[in-house]
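Peer 1:
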Amino acid sequence: MKCQHFGVCGSCILYNIDYQEELREKKEHLTKLLAPFYSEEIDSYESIQENYRSRAEFRIWHDDNRCNYAMGRLDKKGAFILQECPKVTLPIAKRMEALLEAINSSKILSFRLFGVEFLSTTQDECLIVMLYHRKLDEVWEQEARVLEKKLDAFIIGRARKERRVLSQDYVTQELDIYGKRYIYRYYEGGFTQPNPFVNRKMIEWAKSCASEVESGDLLEAYCGLGNFTIPLSKNFEKVLATEISKSSIKSAKENCILNGVENINFVRLSAEETTQALRKQRSFNRLKGINLDEYEFSCILVDPPRAGLDGASRELVSTIDNIIYISCNPNTLARDIEKLTSTHRVKKVALFDQFPHTNHMESGVFLKRK
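When we follow this note's numbering, the leftmost residue of the sequence shown carries the number 771, and every step to the right adds one.
#1: Pull up the distance between the alpha-carbon of Glu932 and that of Tyr902, whole angstroms please.
#2: Could you give the C-beta distance for Arg865 and Ala923, rounded to a whole number, given that I count them as a contact under 8 Å?
#3: What is the C-beta distance between Ser817 and Phe967, in whole angstroms, given that I count them as a contact (C-beta under 8 Å)?
#4: With DSSP run on the structure shown, which of helix, strand or coil describes Met841?
#5: Exposed or buried, Lys857, counting other C-beta atoms within 10 Å across all chains shown (16 or more means buried)?
#6: Can you say whether Glu895 is buried or exposed, counting buried as having 16 or more other CB atoms within 10 angstroms of its CB?
#7: Does the pairing of the region 1002 to 1012 with the region 973 to 986 give three or more beta-carbon distances under 8 Å?
#8: Over what stretch of residues does the beta strand (DSSP E) that includes Asn1092 continue unbroken?
#9: Whether or not the region 800 to 808 and the region 830 to 844 are in contact is what I'm after, with contact meaning three or more pairs of Cβ atoms, one per stretch, closer than 8 Å; do they touch?
#10: Return helix, strand or coil for Gly885, following the three-state DSSP convention.
#11: Taking the C-alpha atoms as reference points, what is the distance between Lys1140 and Asp1073?
#12: Asp1106 to Tyr1095, Cα distance in whole Å?
#13: Pick out the complete alpha helix (DSSP H) segments inside the region 783 to 828, 4 residues or longer, and give them in chain order.
#14: Going by DSSP, what residue range makes up the alpha helix (DSSP H) through Gly994?
#15: Below 8 Å on the Cβ atoms is my guess for Glu1042 versus Asp1080; work out the distance and round it to an integer in Å.
#16: Per the DSSP calculation, His1114 is bridged to which residue(s)?
#17: Is Glu913 helix, strand or coil by DSSP?
#18: Check whether the Cβ atoms of Glu918 and Ile925 sit closer than 7 Å, and answer yes or no.
#19: Roughly how many angstroms lie between the CA atoms of Glu1024 and Leu1086, to the nearest whole one?
#20: So does the region 956 to 964 actually touch the region 879 to 891, counting three or more Cβ pairs closer than 8 Å?
#21: So, under 8 Å CB-CB, Asn965 and Gln1124 are touching, yes? Tell me the CB distance rounded to an integer number of Å.
#22: From Ile878 to His775, what distance separates their C-alpha atoms?
#23: Which residues in the same chain as Phe1054 place their Cβ atom closer than 7 Å to its Cβ, once the five residues preceding and following it in sequence are excluded?
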């Protein structure tokens, strides 16, 4: 990828090395971290190098009666005006200039606008959230509706204690997983994987691990909107998937219906609450109608935040024969794997480069009971 802002923009910090070298260094770093537990080759899944990011947030910089997109500087010294962003998906890229032109031709749309957020799909749907330091009125809504039609996008206006949805607050992503089409609704404000091309590879890798589990049920913690849950459900008799976010559980249940899947129970529980429920330490009204004794968990999938698993969750995970661990932080992953390898052995490791030109990496580890 070539970008005129390399060296200035704080978003892409690895800009002066070849992408393959960047990928090699990330793989080497993960290999060293997991060397005490795994000596085989780590599979790596690279990203396309342009137009890969389906979520983007930009500041709006007001200067000389004009609005511009802006980003934070690499040297942390304020912000700079953005002329291009080659990493955003094509559905975002093709609307950015037209949106800015419309904003600058309208005092109503530009007045006290301080940020714009984009959420897109590979099927060319795009959701645009316009952020304001003022109350939105009917005049704003009238102009925004004209703009929505012009851009062929969905627009939401946000201000303090105010949210105006002009048509809909989600986009619909389709993913092909091993030749089968899966449909997901991505809602504004909800968590989605930012790189749909690598996300598909992550799901396929997790599904290949699940195919090695002969029978039984799946337990998933941190399930989000069902990104992994729905494709993996075909490999198991029953699935119990938990997530603390109320909006994510709502999305997951809708996605379940969209894909005609009937063997998943999505429940709003934190990882700690899931552990308490399975140990019968607490009862939850949210589990009403679900008999936990009917489940025979042969596999667990966890996709925790950067902090990794807490002690109680690690102990719960260690009681299940097969573990699929998706991680966004290799350091906490290595810490957790050190604990889990007292009962399990690492069978597969993968690196997923969702974030080219940064130090961030996603990884996956598949463990089986010794």
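C-beta: ideal position from N, C-alpha, C; glycine also.
Peer 2: The relevant details are as follows:
#1: Taking C-alpha positions only, Glu932 is separated from Tyr902 by approximately 10 Å.
#2: 6 Å
#3: Yes, Ser817 and Phe967 are in contact; Cβ-Cβ is about 6 Å, under 8 Å.
#4: strand
#5: Answer is buried; the Cβ neighbour count reaches 16.
#6: buried
#7: yes
#8: Asn1092 to Ser1097
#9: no
#10: strand
#11: 22 Å
#12: Using only the alpha carbons, I get a separation of about 10 Å.
#13: The region 783 to 828 is shown to contain whole alpha helix (DSSP H) runs of 4 or more residues at 789 to 804, in chain order.
#14: Neither: Gly994 is in no alpha helix (DSSP H) and is coded neither H nor E.
#15: Contact flag correct, Cβ pair sits at about 7 Å.
#16: Beta-bridge pairing links His1114 to Arg1139.
#17: helix
#18: Yes. Within cutoff.
#19: 28 Å
#20: yes
#21: 4 Å
#22: 30 Å
#23: Leu1039, Glu1043 and Ala1047
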